[in-house]
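First comes the structure, then the notes that go with it.
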Amino acid sequence: MLCRQLYEVQEKYGYVPEKEMRELARRNGIPVYEVFGVATFYPGYRTSPPPKASINVCRDFPCHLRGAPKLRQKIEDLVRESGVPGIELGGVSCLGQCDGSPAVQINDASYARKSEDEILKLVQEAIAGKKIAEQHFGPMAKGPFKTNPYPEGEKYGALKALAKSKDFEGVIAQLKAANLKGMGGAGFPTGVKWEGVRKCQNDEKYVVCNADEAEVATFKDREIMKSLPHLVVEGMAIAALVTGATQGYIYIRHEYHDQIHSMDEEIKRAREAGILGKDCCGSGQKYDMEVFVSPGGYVQGEESALLEAIEGKRGQPRVKPPFPVFVGLWGKPTVINNVETLAYVPAILVKGVDWFKGQGKNGSEGLKWIGVSGHVKNPGVFEVPMGTTYREAIYDLAGGILGDKKLKGFAPSGPSGGFLPASMVDLSMDWKKMADAGSMLGSGAIVAIAEGTDLVELALNATQFYRNESCGKCVPCRVGSQKLVDLLHRMAKKEGKREDFETIQRLSDTMLMTSICGLGQVVSAPIDSVLKHFKGEVDAKIK
Amino acid sequence: MNAPSATVTLTIDGKDVTVPKGTTIWEAAQGNGIDVPVLCHKPPLNPVGVCRVCVVDVGARVFAASCVREAENGMKVTTSHERLERNRKTLVEMLLADHPAPCEKHKQTHTCELEKLGERYGILQPLAAGAPVPEPRFWSPTFMSRGVAPDDAHFAEDQSPRRLQKGTDFSNPSIAIDHRACILCDRCVRACTEVKHNNVIGRMGKGYSASISFDVNLPMGGSSCVNCGECMISCPTGAITSRQEAGVQLETGDKLTVDEMLQIPIFQGISSEFLKRNEGSVVRRKFKKGDVICREGEFGSTAFYLLKGTADVFLTTPMAHVKSDKKQSAGFFSKFKHLLAGKKEDPREEGERKFIPIDAPVDLSLDNPIAKLNEGDLFGEMTCLTFQPRSATVRAAEDCEMLEMLRSVLQVLQKNKKFRDQLDANYRERALGQHLRSVPIFSAIDDPKFIDQLKARVELLHYDPGQPIIREGEEGDAFYLIRVGCVKVSKSLPGGEMVLSYLSRGEYFGEMALLDRSPRMASVIALDHVEVVRIRKTDFDFMLGWFEDLRPKLEAEAKKRKEMTERMTRMAPSTSLDDFLAQGLMHAQSLLLLDLERCVRCDECVRACSDAHDGVTRLVREGLRFDKYLVATSCRSCLDPLCMVGCPVGSIRRKESLEVIIEDWCIGCGLCAQQCPYGNINMHEFESNKADPSQPGVKKATVDRKATLCDLCTDLKEPSCVYACPHDAAHRVNAREFFTDLTIKQG
């Protein structure tokens with residue numbers, strides 16, 4: 103676990119010195135270039151001594167919509183006026199605090215839900231070299247949650263029952279009947295995935311929970327891990343018993359300090375209660391799990407890149423096939439599921455398939471956790487029936503548009519689903535309906551955009567996110583994302599050329615059709631959607 | 006049920022194809038005469054599917070990279086249609102936008118695979134044969150190219166890719182790197198690790214700013230690269246090319262063909278590609294008995310490897326003329342020397358050196374500076390690697406056969422395990438004992454039984470320039486003896502790094518931490534190509550146990566070194582004085598000052614100096630001025646004595662009293678005089694009658710040169726010049742104290 107070793111070294115020195123890289127190479131029996139390649143790949147590591155203070159403002163669009171550029175300018179002025187040297191200033195990719203925008207990262211800790219004055223005061227303290235108290239984020243979403251099938255004080259009922267009944271095929275059948283899909287956004291049927299791993303003949307199998315939630319505007323898993331950590335542990339343990347896996351990892355983004363803590367604590371409690379360990383819940387099967395703290399980067403949310411990170415390699419997505427179900431962690435069959443997906447499993451088993459399906463509305467089935475951010479009065483995380491309309495999410499749950507302005511459009515799933523016009527706000531959250539509308543349900547990262555917003559600028563901002571987060575492995579994504587940023591940059595300055603439309607179309611097609619992973623495939627989604635739904639706005643940018 | 010079939014049948018472009026299971030689509034197509042262009046794949050490397058140019062349509066949602074996708078039964082593959090070709094063209098065009106065309110490879114051989122694809126897709130014009138090659142440019146009809154306009158406003162917000170920032174790397178003598186031409190196909194990465202198991206090249210960074218790098222992003226020449234050339238062969242573009250200028254040819258001697266070279270055992274295991282490129286960089290030369298192979302003090306750039314026969318290695322420059330304290334001189338002043346003798350300090354307090362270190366596996370005895378070189382010996386290494394002058398004269402003792410080689414070949418040999426092992430074995434067998442004894446403090450180690458035990462246990466290590474050998478503050482686990490090269494011993498102080506000393510062949514370090522089990526007091530860094538003998542702590546203790554009187558001697562020596570370090574630490578300037586700094590005076594410990602208000606230019610000082618030093622003055626009454634003082638051009642005994650770096654025979658060194666002295670065996674090469682930033686080392690010429698190395702038995706009159714510097718007349722109470730000044734104008738002062746006082750007074 104090279105990534106963990108690098109964190110240990112960084113803990114000791116504040117960065118990873120060359121000497122220690124050589125030592126890690128020697129200890130692990132790998133070339134030093136590999137250690138160096140890993141250390142320089144992830145944003146979580148420094149390879150030079152840390153600055154006196156490091157202040158980074160979120161640069162992605164939910165924060166951008168709520169004044170991040172202005173705040174960043176003020177912080178820069180403050181640092182310049184102080185004359186204190188050695189302060190690192192910059193931007194950071196989405197911190198998953200979009201309901202407290204604009205979010206700022208100071209010395210590797212996130213701060214949000216603060217007024218501008220409060221943030222500037224923290225910055226001043228950081229410049230002065232003071233130690234700043236970390237901000238802890240309590241549960242933000244309000245329960246009770248239907249996802250939790252247990253009354254207060256009870257948990258692990260589904261797992262206990264399964265440990266006794268050993269009806270593993272039955273679990274797969276129930277998941278299939280409940281039509282449970284991958285809630286990270288891809289929507290792959292969970293039952294099919296588990297069945298695949300179960301059928302693999304192998305002594306060694308793994309369960310991995312993808313809690314890397316780093317897509318812009320996505321912060322729902324943050325609340326599930328904070329409020330219902332036991333459901334995640336239970337879902338993983340059930341997956342382990344069903345598939346025959348003996349070890350699990352919950353891969354959490356490193357910025358989620360509170361969630362790392364809550365999951366760690368829950369795992370400890372479960373281990374003490376005999377839920378995890380040599381005899382998992384009295385089933386006779388071994389299953390234990392641990393938290394794996396991500397060394398950083400959105401692309402780690404791509405399941406095979408995530409596995410590479412656990413294995414201590416550069417977190418570049420693998421070429422597929424083979425899929426992780428057959429060749430996963432350390433080459434072994436592996437279940438990888440999103441936090442939300444796993445958290446639904448106990449409720450489906452305890453309350454039944456029909457109950458779960460019956461939670462939906464408007465012809466859809468099941469539940470959905472969503473995050474609403476952007477130009478809304480009360481941003482936050484909500485557990486809603488599948489089939490809820492975007493209008494309900496934006497107006498009823500999140501309190502409507504700031505300053506009671508008109509809605510110009512919305513992003514149904516961060517940047518990946520593109521931007522839709524306000525006329526489509528009555529669409530409901532449904533896998534098929536959204537795909538038919540040329541967008542996607544995705545991870546339920548809803549961002550409302552008020553009138554007066556420049557959508558070309560927003561598309562540029564979203565494309566920059568993909569450019570920043572591209573792993574660089576394959577040409578279309580590595581080079582294409584930069585070239586697209588260049589074109590949009592020019593366009594945002596009203597210097598676009600008519601032929602740029604054709605170039606964007608070509609780039610878009612090449613990235614979609616030839617990229618290795620989903621990241622490269624969606625780089626052009628934001629601008630494509632703007633060209634489709636807001637063509638007039640783009641035309642105005644042509645010289 | 007059918008048994009699992011060992012073959013699969015698929016359709017490629019409408020043609021039924023049956024291939025063994027596990028075959029990739031690309032291989033299957035290729036095997037059936039269907040060409041699918043690709044950049045990142047080149048058999049026999051394992052495919053990685055990163056360039057995506059080889060994508061084909063298998064009827065799925067997105068295209069599949071044919072180089073990695075296995076053929077499956079019933080698959081319907083289309084390798085070319087409008088959309089596929091358009092996507093390929095876009096990929097090529099994107100890469101070309103950030104690629105200087107024509108790149109080095111395309112210029113040389115018209116074989117850059119990217120540019121050829123560019124020509125195929127009509128993006129680039131083919132280079133016309135015979136026409137002048139155009140200047141490389143970054144260009145694309147549709148995409149903005151980042152190589153051209155770093156300050157273009159469009160790019161203000163985004164940094165250029167690291168590849169462009171990195172530019173070119175010519176640190177390797179035979180392979181040139183142009184990161185700008187790199188397309189990150191990872192072929193070199195696989196060639197280096199999968200094919201050759203050298204494990205040097207990797208990818209660093211992420212996304213658009215990713216690049217290839219060597220080890221921990223070192224210049225290629227400073228990395229652990231062994232010059233096998235595999236990366237260069239694998240590279241599709243001009244990112245890794247052969248350095249044309251490396252092909253310097255040796256003029257005399259028989260050129261060896263690759264086959265001939267490979268028959269010589271020391272070349273076995275070296276890539277024939279490399280040898281082919283370096284034909285002419287190594288020659289076979291035959292010498293008759295008595296022929297002189299090289300002369301001390303000469304400049305050169307080659308090393309010799311003795312294939313057959315033996316040779317004598319010796320110094321022709323006469324001793325003396327540098328240190329005059331041993332000599333009788335007839336000057337008026339010297340007659341009264343004894344009256345002034347105040348310091349009891351023996352100027353050679355560190356013990357007589359009995360050996361002169363030279364650029365060969367042997368050292369020369371001070372009393373009889375001649376030794377033998379045998380078959381399998383390598384000499385002239387430092388001349389070849391760092392161009393330092395020849396340290397000794399070598400003459401064929403019988404008819405000899407030698408290989409003479411240039412740096413590129415020597416560097417590769419040095420990294421060739423077989424050659425290395427042979428040299429190391431020779432060293433352990435023949436030279437270790439003598440080398441150890443050549444250090445005065447170990448001169449008593451003459452027990453062959455002990456050497457026998459030790460020689461199998463020591464480690465022979467090499468370091469590249471700039472590489473740390475030990476670090477301050479670390480725990481001491483070994484003792485080091487320098488075999489080749491020069492190291493810098495320094496300590497980090499709040500004000501910066503302070504150089505404690507430069508050490509070279511025949512000197513040692515690392516004993517202090519072993520003796521008193523304390524952390525390392527200083528860091529030691531290789532300044533050039535350094536080879537050391539590493540004696541582990543357990544063996545060091547064993548040695549101390551075997552030779553009982555060694556410990557007290559070493560402890561006494563360590564104590565002196567420690568005191569010296571403390572003294573120097575105290576001396577490090579704590580106040581900064583602008584002028585003082587600007588003139589480099591802060592490095593000086595001791596200055597000869599002439600008070601110009603008192604001085605009447607009578608030149609008594611110069612005469613006294615001349616009298617005290619065999620009639621050659623070391624004091625020149627000119628130099629820079631500071632206030633009313635003239636700082637005479639005489640040695641300042643700098644704290645960081647740059648003059649000591651690289652002396653081929655180790656004759657310039659610093660005494661414990663921190664004065665720099667030049668030993669009698671100076672060969673007059675003039676390197677130290679060149680390096681002294683203050684021009685305080687003079688080369689003075691003298692005539693001598695000495696044996697002519699090319700005509701044994703015959704003497705001839707020659708003019709020799711030696712380096713001289715002010716020795717502060719340390720054997721006297723006061724320097725001769727200061728004593729001789731009738732006007733009390735000459736002063737020898739401690740620089741820092743003097744100027745601090747002066748500044749305070751002037752206030």
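Going line by line, the protein sequences match chains A and B. Just so we're aligned: the first sequence equals residues 103 to 645 in the working numbering. Just so we're aligned: the second sequence equals residues 6 to 752 in the working numbering. We treat Cβ as the ideally placed atom computed from N, Cα and C, and that holds for glycine. Just so we're clear, the structure is a prediction, and the values are computed from it rather than from any experiment.
- Linking residue 409 (chain A) to residue 271 (chain B) through their CA atoms gives a straight-line distance of about 45 angstroms.
- Note that the C-beta distance between residue 129 (chain B) and residue 101 (chain B) is below 8 angstroms.
- Contact annotation: the region 387-406 of chain B touches the region 303-313 of chain B, with at least three C-beta pairs closer than 8 angstroms.
- For residue 468 (chain B), none of the residues of chain A pass the 7 angstroms Cβ criterion, the least Cβ distance being about 13 angstroms.
- Not a single CB atom of chain B sits nearer than 8 angstroms to the CB of residue 126 (chain A).
- For residue 473 (chain B), the enclosing beta strand (DSSP E) stretches over residues 473-475.
- Non-local C-beta neighbours of residue 168 (chain A) in its own chain, meaning closer than 6 angstroms and more than five positions away in sequence, comprise 203 and 204, ordered along the chain.
- By the CB criterion at 8 angstroms, residue 18 (chain B) and residue 39 (chain B) fall inside the cutoff.
- Around residue 201 (chain B), the same chain offers 233 and 235 as residues with beta carbons nearer than 7 angstroms, after the five sequence neighbours per side are excluded.
- In its chain, beyond the 5 residues on either side, 428 and 435 have a beta carbon closer than 7 angstroms to the beta carbon of residue 302 (chain A).
- The C-beta of residue 177 (chain B) comes no closer than 8 angstroms to any C-beta of chain A.
- Residue contact with chain B for residue 106 (chain A): absent (no Cβ-Cβ distance below 8 angstroms to any residue of chain B).
- For secondary structure counted as the beta strand (DSSP E) over 3 or more consecutive residues, the region 437-492 of chain A holds these complete runs in sequence order: 469-476 and 482-487.
- Against chain B, a Cβ distance below 7 angstroms from residue 421 (chain A) picks out 54, 70 and 73.
- In the same chain as residue 93 (chain B), and ignoring 5 residues on each side of it, the C-beta atoms closer than 6 angstroms to its own belong to 58, in chain order.
- Here residue 601 (chain B) is exposed. Its C-beta has fewer than 16 other C-beta atoms within 10 Å.
- Neighbours of residue 605 (chain A) across chain B, judged by C-beta separation under 7 angstroms: 147.
- As the crow flies, the alpha-carbon of residue 194 (chain B) is around 17 angstroms from that of residue 214 (chain B).
- When the alpha-carbon of residue 50 (chain B) is set against those of B:568, B:72, B:33 and B:66, the nearest one is in B:72.
- Measuring C-alpha to C-alpha distances from residue 217 (chain B) to each of B:305, B:244 and B:540 identifies B:244 as the nearest.
- 133, 134, 135, 136, 138, 139, 142 and 143: these are the residues of the region 128-154 of chain A whose beta carbon lies less than 7 angstroms from some beta carbon of chain B, given in chain order.
- DSSP, read as helix, strand or coil, puts residue 560 (chain A) in helix.
- Per DSSP, reduced to three states, the secondary structure at residue 166 (chain A) is helical.
- By the Cβ rule, the region 483-494 of chain A counts as touching the region 459-475 of chain A, because three or more pairs are nearer than 8 angstroms.
- Contact between the region 394-402 of chain B and the region 286-295 of chain B is established, with three or more Cβ pairs separated by less than 8 angstroms.
- In terms of Cα proximity to residue 640 (chain A), the closest of A:616, A:603 and A:610 is A:603.
- A contact between stretches requires three or more CB pairs, one per stretch, nearer than 8 angstroms, and the region 267-281 of chain A fails this requirement with the region 240-247 of chain A.
- Residue 390 (chain A) has A:349 as its beta-bridge partners, per DSSP.
- Taken atom to atom, the span from the alpha-carbon of residue 109 (chain A) to that of residue 144 (chain A) is near 11 angstroms.
- Between the C-alpha atoms of residue 217 (chain A) and residue 362 (chain A) there is a straight-line separation of about 26 angstroms.
- Judged by beta-carbon spacing, residue 531 (chain A) lies beyond the 8 angstroms limit of residue 441 (chain A), meaning their Cβ atoms are not closer than that value.
- Residue range 322-329 is occupied by the alpha helix (DSSP H) that includes residue 327 (chain A), with no beta strand (DSSP E) assigned at that position.
- Secondary structure of residue 309 (chain B) (DSSP, three-state): strand.
- Look at residue 242 (chain A) here: in three-state DSSP terms it is coil, with no helix or strand label.
- When 8 angstroms is used as the limit between beta carbons, residue 207 (chain B) is near these residues of chain A: 133, 135, 136, 138 and 139, in chain order.
- Against chain A, the beta carbon of residue 96 (chain B) has neighbours under 9 angstroms at 577, 578, 581, 582, 612 and 616, listed in chain order.
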